[in-house]
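Chemist: Residue numbers (our numbering): 6 to 262.
Note that CB positions come from ideal geometry on N, CA and C, so glycine has one too.
From a predicted model like this one, the values you see are computed outputs, not experimental measurements.
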C-alpha cells in the first residue's frame, strides 16, 4: 500500500507540469496564468495560423525522424562489431561514438559550426542533420550493446550450423532479440533530437528553424499563452504517437517480451 502510494505520488509529480502547461494554454488572458482565467482555444488558433510555428514544427519532426533512422543505421552495425569482434582501435571507436553522452551539446554545436564553415556545410538542413545524428547515436548504441549476450551468440551459431545464411540469421534470430533495445533507443533518440536547442541554434536560420529554437527566440521578446499552446500540441503529438505504437505493435516490446 505504501509503495503504491509513493508510486502514485511520483506519477502525479511528473504529470503535474503537463497539466499546468495545458491549463495555461486555455486561459483567455494575454499573459501566462494558472489556474486559467476563462477557457478558450484561441491561442491554439494563433499557433496553427502562424506559418512560422507550423513550419518549425514540421522541420523538427522531419529532422528528428531522419536523424533517428540515420542513427539506427550507424549504431546497429557498430554495436554488432563492438559486441561480437575484437579489432585494433575498438576502444577508440567505442569512446568516439559514446563521447556525445558526456560532452555538452553546445560545445558539440560550436565545434560542428567551426568545422562545417570550413567545408561549406553550415546553416542548412544537412548541417542540422549531421549534428543531430552525432548526439543521438549514443542513445541507440547504449540500448543495443547490453542485448548482445552469449546466449544470443549461441542461437546465431546454431542457426548458421543448420544452414541459414548470415542475412537470414540476422533477420530471424538477431533482430527479434534486440528489438526492445532498437525501438526504445530510437524513441529516446527521436525525443532528444526533437527537443534539442543547444546544438540546433548554431545552424538555424529565419527560414530553417526547429520548434524548440523558435520558442527559445520568441520568449526573449514576448511571453504569452501561445508558447503553452505550442507545448501542449507537442504533448498531444507525443501522446498520439504512444497510443498508435501500443495499438499497432504493443508496448510490451520495450520489456523484451
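Which residue comes first and which comes last in the alpha helix (DSSP H) that contains residue 20?
Modeler: Along the chain shown, one-based indexing puts residue 20 at 15. First-last of the alpha helix (DSSP H) with residue 20: 7-30.
Chemist: Starting from the C-beta of residue 177, find all residues in its chain whose C-beta is less than 8 Å away, skip the five residues before and the five after it, and write them out in chain order.
Modeler: Within the chain shown, numbered from 1, the residue matching residue 177 stands at position 172. Contacts found: 164, 169.
Chemist: Which residues in the same chain have their Cβ closer than 7 Å to the Cβ of residue 202, if we skip the five residues on either side of it in sequence?
Modeler: Taking the chain shown and counting its residues from 1, one reaches residue 202 at position 197. Once the five neighbours on either side are set aside, the close Cβ partners of residue 202 are 217, 218, 221.
Chemist: In chain order, what residues of the same chain lie with their CB nearer than 6 Å to the CB of residue 120, ignoring the 5 residues before and after it?
Modeler: Residue numbering aside, residue 120 sits at position 115 when the chain shown is read from its first letter. Excluding five sequence positions before and after residue 120, none of the CB atoms of its chain fall closer than 6 Å to its own CB.
Chemist: With DSSP run on the structure shown, which of helix, strand or coil describes residue 221?
Modeler: Start at 1 with the first residue of the chain shown, and residue 221 comes out as number 216. Here residue 221 sits in helix by DSSP.
Chemist: Any idea what DSSP makes of residue 187, helix, strand or coil?
Modeler: Sequence index remark: in the chain shown, residue 187 carries index 182 (1-based). Of the three classes helix, strand and coil, the one that applies to residue 187 here is helix, per DSSP.
Chemist: Could you tell me the alpha carbon to alpha carbon distance between residue 99 and residue 183, rounded to whole angstroms?
Modeler: Taking the first residue of the chain shown as 1, we reach residue 99 at position 94. Taking the first residue of the chain shown as 1, we reach residue 183 at position 178. Taking the straight line from one Cα to the other gives about 19 Å.
Chemist: Please classify residue 262: does DSSP put it in a helix, a strand, or coil?
Modeler: Against the chain shown, residue 262 aligns to sequence position 257. Residue placement at residue 262 is flagged as unreliable, the pLDDT there being 48, under the threshold of 50; a coordinate-derived value is accordingly withheld.
Chemist: Over the uninterrupted alpha helix (DSSP H) stretch that includes residue 125, give me the two end residues.
Modeler: As a position in the chain shown, residue 125 is number 120, starting the count at 1. It is not in any alpha helix (DSSP H) - residue 125 carries neither H nor E in the DSSP assignment.
Chemist: Would the region 69-79 count as touching the region 191-200 if we require 3 or more Cβ pairs under 8 Å?
Modeler: yes
Chemist: Would you mind reading off the limits of the alpha helix (DSSP H) that contains residue 62?
Modeler: Working through the chain shown from its first residue, we reach residue 62 at position 57. Looking at the DSSP string, the run of the alpha helix (DSSP H) that includes residue 62 is 56-89.
Chemist: Residue 149 and residue 86 look like a contact to me (Cβ under 8 Å); what is the Cβ gap, rounded to whole Å?
Modeler: On the chain shown, residue 149 is found 144 positions in, with the first residue counted as 1. On the chain shown, residue 86 is found 81 positions in, with the first residue counted as 1. Not really, about 11 Å apart at Cβ, beyond 8 Å.
Chemist: Verify whether the separation of the beta carbon atoms of residue 208 and residue 125 is less than 8 Å.
Modeler: Position 203 of the chain shown, counted from the start, is the residue given in the question as residue 208. Position 120 of the chain shown, counted from the start, is the residue given in the question as residue 125. Not a contact, by the Cβ cut-off of 8 Å.
Chemist: Does the pairing of the region 89-105 with the region 232-248 give three or more beta-carbon distances under 8 Å?
Modeler: By the Cβ rule, the region 89-105 does not count as touching the region 232-248, because fewer than three pairs are nearer than 8 Å.
Chemist: So what's residue 181 in DSSP terms, helix, strand or just coil?
Modeler: Here the question's residue 181 lines up with position 176 in the chain shown. Here residue 181 sits in helix by DSSP.
Chemist: For residue 242, count neighbouring C-beta atoms within 10 Å of its own C-beta (all shown protein chains included) and say buried if the count is 16 or more, exposed if not.
Modeler: Numbered from its first residue, the chain shown carries residue 242 at position 237. So residue 242 ends up on the exposed side.
Chemist: For residue 83, count the other beta carbons within 10 Å of its own beta carbon; 16 or more makes it buried, fewer makes it exposed. Which is it?
Modeler: For the purposes of this step, residue 83 is identified with residue 78 of the chain shown, where counting begins at 1. Flag for residue 83 reads buried.
Chemist: Express the C-alpha separation of residue 44 and residue 115 in angstroms, rounding to a whole number.
Modeler: Reading the chain shown from its first residue, position 110 is the one you call residue 115. Reading the chain shown from its first residue, position 39 is the one you call residue 44. Their Cα atoms are separated by approximately 43 Å.
Chemist: Can you tell me whether DSSP reads residue 95 as helix, strand or coil?
Modeler: Translated into the one-based positions of the chain shown, residue 95 becomes position 90. Here residue 95 sits in helix by DSSP.
Chemist: Just to confirm my understanding: we take residue 224, look at its own chain, exclude 5 residues before and 5 after, and list those with CB closer than 8 Å. What are they?
Modeler: Position 219 of the chain shown holds residue 224. Hits under 8 Å: 232.
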